[in-house]
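> Sharing a structure, written as structure tokens. Questions coming.
Written out as structure tokens, the structure is:
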């Protein structure tokens, strides 16, 4: 006669007890036991209905892609890393472009920028100057 299969709850309890026995200071034993109030029981009809409703509300892959949550195909484990790499490469291109742009003084000497713009960009205007520069409404 085959041995009966242990239930998931029994396995969880025994795993917690074994972990507590190995490292009592790290894995404390809860005084009131493990809270199982949110667990679904496979033999409960109400829990089966809860699970079915939750699965009906679950978004499909195309919806998750449209929202930007899922990168690539559902089975593609590297899709997120590809996206991160692409963003990092774009950031590097922008950083290099900013680093190689000419200094404002060079643009003034070439006549591209005016000294007034350079002065306004480097000096933080006080409240009086900001009030003077505010657009007037009629």
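In my numbering, the protein residues as written are 321 to 458. For glycine and all other residues, C-beta sits at the position ideal for the given N, C-alpha and C.
Among residues of its own chain, excluding the 5 on either side of residue 361, which ones have a beta-carbon nearer than 7 Å to its beta-carbon?
Taking the chain shown and counting its residues from 1, the one referred to as residue 361 is at position 41. Once the five neighbours on either side are set aside, the close Cβ partners of residue 361 are 367.
> Taking the alpha-carbon positions, what's the residue 422 to residue 410 distance?
Within the chain shown, numbered from 1, the residue matching residue 422 stands at position 102. Within the chain shown, numbered from 1, the residue matching residue 410 stands at position 90. Near 21 Å, if we compare the C-alpha coordinates of residue 410 and residue 422.
> For the segment 368 to 445, list the alpha helix (DSSP H) runs that are entirely contained and at least 4 residues long, ordered along the chain.
If we require 4 residues or more, the alpha helix (DSSP H) runs fully inside the segment 368 to 445 come out as 381 to 386, 399 to 420, 424 to 429 and 435 to 442.
> Can you tell me the Cβ-Cβ gap for residue 433 and residue 424, rounded? I've got them flagged as a contact below 8 Å.
For the purposes of this step, residue 433 is taken as residue 113 along the chain shown, with counting starting at 1. For the purposes of this step, residue 424 is taken as residue 104 along the chain shown, with counting starting at 1. That pair is a contact at about 6 Å.
> Excluding five sequence neighbours on each side, which residues of the same chain lie with their C-beta closer than 8 Å to the C-beta of residue 335?
For the purposes of this step, residue 335 is taken as the residue at position 15 of the chain shown. Nothing listed; no residue qualifies.
> So, using beta-carbon positions, are residue 395 and residue 403 closer together than 9 Å?
Working through the chain shown from its first residue, we reach residue 395 at position 75. Working through the chain shown from its first residue, we reach residue 403 at position 83. No. Outside cutoff.
> Can you list, in chain order, the residues of its chain whose CB lies under 6 Å from that of residue 399, leaving out five sequence neighbours each side?
Walking along the chain shown from the start, residue 399 turns up at place 79. So the qualifying residues of the chain are 391 and 392.
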